[in-house]
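These notes concern the structure reproduced below.
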Amino acid sequence: MSFHGMGMGGNGMRGVWEQRRSIGYLEQGGRPTRETVKRLLRVLRPHARRLAGALSLTLFGILLGLVPPLLMRQVIDVAIVHKDVGMLVYLAAGLVLFPAAGAVVSVGQNYLNAVVAQGVIHDLRTAMYEHGQKLGIDFFTRTPGGEIHSRLVNDLNAVQQVLGTILTGFFVNVMTIVLTLALMFTLNWQLSLLSILVLPAFALPVLSFGRRTYEAITRTQESLSHLTAHLEETLTLSGIVVVKSFGTRRREAERFKSISYDVRSNQIAQSMIGRWLGFVFSTMSAIGPALLYGYGGYLVIIGAVQIGTIVAFATYLVQLYSPASSLAGSNTTLLGGLALFDRIFQFLDQPIAVPEPAHPLPVKAEPGVTPVSLRFDHVRFSYRQGEEVLHGLSFEAAAGQLTAVVGPSGAGKSTILSLAARFYDPDVGRVLLAGMPLAELAEDDLRRLMSVVTQELFLFHQTLEDNIRYGRPDASAADVAEAVDAAQLGELVAQLPEGLATVVGERGYRLSGGEKQRVAIARAILRNPSLLLLDEATSSLDSHAERLIQQALAGLFEGRTVIAIAHRLSTILAADQILVVEQGRIVERGRHQELLAQGGLYARLYHEQFDPGLSRAGEDRG
Ligand SMILES: Nc1ncnc2c1ncn2[C@@H]1O[C@H](COP(=O)(O)OP(=O)(O)O)[C@@H](O)[C@H]1O
Ligand SMILES: [Mg+2]
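Each residue of the sequence shown is one higher than the one before, counting from 743 in the working numbering.
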């Protein structure tokens, strides 16, 4: 869905440094401002019609509720006095019918309220998810997963609880009070004045609570996100393995306990703000009727008013106090709600580091059919301001050729791949795909043309086939079978209990490292990209597994442009061009024999990494 007017925030480079600089949890937004309210109104705008419907029904319900006290008054002052039994029957029936009609109206009103509130939450949730997808890789390297999770789940949950008050509560209470008072004044202005004498007392003490609620809710939601983050880090597959293997169960439990205790304390503090006001309100609620019956009784004695009027007034008074006290509390709820919306809007304001171009260049290349070139043109890049990682890199990976990138750990190899995949934009210079700057291509075109196979292999908790099909869900069974063959997965599939339909666990845990690599290769083969970016896994494999991978890779490389961070001798030997990277610069380039003959960094790395004659993969070369 489109989400106009929510201010997706910072396009382009503005704010990117801000984003890259801050580390860890998102900083909490500022004060509740007019800005937040305006923005909230924009979020509500698509629901305006239903909201208007809900408010109309509410108004109608209030009007229906005003009738019964008038009927009571008629019963006492007219029907009983005139001993009119027929009229009594009508009035009694009215005393049932009006509340019944009110109940029916309130069902419709509740329905519309729920539709609007859930609609708003659905919109926000979707917008947050879609915005989250557009955020740069660096956002995710910087932000604990639990923090993101918490904004989408905990904050929206909390919003749900206050949205009713924000949407209709305020209106209901004001209208009830206004209409009830208007009616009371037409009945008897002296008694009315007496009754509302105490009303302002409801409002006064609560004005200061809004700010405190805002802060308390902010604290609660923050501690909740810490809780979620801790949970996601330590009680998920990847984390629990570390916890178990280091025997840190108790330490993590203690930390969890202390965060949980924070949540508990914050929640208690939040729920206790202004609670003692209940006492004030109860007392107030007693004073009004006392005055009414005292002075009203006197008026009846001297014959100034009739008993029925007093009864009607007493009933109205009861109807008046409850909205008055919740109105007094809604200042608190509103500001608390704004705190939640601030957190949500703040997530939506996270700048998109690599924005899509407004007018992307047309792409003619056919994925998988036309190999395309990739060129770095004087590329400079830094993750953090002032710490440049790539210092003016230029190279061309020619169409259909294999370019191997080698170099010591920390040289910038993975960074080159990230820029080639446009996970980041260069600070200076350009990356060009088939002669067109990446930044001017539509995201869809870009992804259609290239595939990235990273070192860190991630498989979804789905069947093996779903995982292989991930990049091309509509592939035919024959294509899948072909990819499985090319990736040397036939043997594995035959062994699995349910073949391709076997569910591979979260992170593909049931597969070995080499098997996962080949699944990733099969996925890329099926996807059939023109350009392949490969960060070869570094784990060393036994010779059988190694040979399978080599054959799988040969199938993957065929007919494509490949840039590979190479850890395998076979890949290096097959390369048309080897780039030797050191400290963010290309220090040597050429083919294996030439570079070896030069006796420079490449030769040294080669001798360190590969015992000549033994074609085994190097270990742990970042
Ligand atoms: N997300 C990041 N934030 C900040 N610095 C990073 C990040 N990723 C890598 N670096 C730094 O950039 C440099 C190059 O890293 P990298 O490209 O991963 O090297 P290689 O893949 O050659 O081992 C290293 O100094 C590394 O510490
Ligand atoms: Mg690396």
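All residues carry an ideal CB built from backbone N, CA and C; glycine is no exception.
Query, Result
"Residue 1157 beta carbon near ligand 1 (any heavy atom closer than 7 Å)", "yes"
"Residues of its chain near residue 1059, where Cβ-Cβ distance is below 7 Å and the 5 sequence neighbours each way are ignored", "937, 1030, 1031 and 1034"
"Exposure of residue 1230, with buried meaning 16 or more beta-carbon neighbours within 10 Å", "buried"
"Bounding residues of the beta strand (DSSP E) (the contiguous stretch that carries residue 1125)", "1116–1126"
"Contact check, residue 1201 vs residue 1209, beta carbons under 8 Å", "yes"
"Identity of the residues DSSP links to residue 1167 by a beta bridge", "Per DSSP, none; premise fails for residue 1167."
"Cβ contact check for the segment 908–925 and the segment 845–863: 3 or more pairs under 8 Å", "yes"
"Residue 804 beta carbon less than 8 Å from that of residue 928", "no"
"Local conformation of residue 913 per DSSP, three classes", "helix"
"CA-to-CA distance, residue 1204 to residue 1246, given in whole angstroms", "6 Å"
"Simplified DSSP assignment, three categories, for residue 838", "helix"
"Sequence-distant residues of the same chain with beta carbon closer than 6 Å to residue 806, five excluded per side", "840, 843 and 844"
"Exposure label - residue 1368; buried when at least 16 CB within 10 Å", "The requested residue 1368 does not occur in the structure, where the chain is confined to residues 743 to 1364."
"Cβ distance (whole Å) where residue 1308 is taken to contact residue 1195 below 8 Å", "No, residue 1308 and residue 1195 are not in contact; Cβ-Cβ is about 13 Å, not under 8 Å."
"For residue 1285, the three-state DSSP class (helix, strand or coil)", "helix"
"Separation of residue 878 from residue 869, as counted between CA atoms", "16 Å"
"Cross-strand partners of residue 1179 (DSSP beta bridge)", "1174"
"Three-way DSSP call (helix, strand, coil) for residue 1132 in this model", "strand"
"Segment contact, 8 Å Cβ cut-off, at least three pairs: the segment 955–975 with the segment 993–1004", "yes"
"CB of residue 970 within 8 Å of CB of residue 896, strictly", "yes"
"Helix, strand or coil at residue 765 according to DSSP, with G and I counted as helix", "Residue placement at residue 765 cannot be trusted, given a pLDDT of 34 that sits under 50; the coordinates are not used to answer."
"Integer-rounded CB distance, given that residue 1083 should sit under 8 Å from residue 813", "Contact doesn't hold; Cβ gap of about 43 Å is too wide."
"Distance CB(residue 851)-CB(residue 800) smaller than 8 Å", "yes"
"Environment of residue 1014 [buried if 16+ CB atoms lie within 10 Å]", "exposed"
"Sheet register partners of residue 1145 (DSSP bridge)", "1305 and 1319"
"Continuous alpha helix (DSSP H) stretch holding residue 1185: start and end", "1185–1191"
"Any 3 or more C-beta pairs closer than 8 Å across the segment 1212–1221 and the segment 1274–1289", "no"
"Proximity below 8 Å, CB of residue 1144 to CB of residue 1316", "yes"
"Any 3 or more C-beta pairs closer than 8 Å across the segment 1133–1144 and the segment 1324–1338", "yes"
"Buried or exposed (CB count within 10 angstroms, at least 16 for buried), residue 1036", "exposed"
"Proximal residues to residue 1162 (C-beta, below 7 Å), its chain only, five neighbours per side dropped", "1116, 1173, 1275 and 1305"
"Cβ neighbour criterion (16 or more within 10 Å) applied to residue 1040", "exposed"
"heavy atom of ligand 1 below 7 Å from residue 1125 C-beta", "yes"
"Whole-angstrom C-beta distance between residue 1228 and residue 1291, which should lie under 8 Å", "With 8 Å as the limit, residue 1291 and residue 1228 do not qualify as a contact, their Cβ atoms being about 12 Å apart."
"Same chain only: Cβ atoms within 6 Å of residue 761, ignoring 5 sequence neighbours per side", "Note that residue 761 scores 37 on pLDDT, short of 50, meaning its location in the model is unreliable and no value can be drawn from it."
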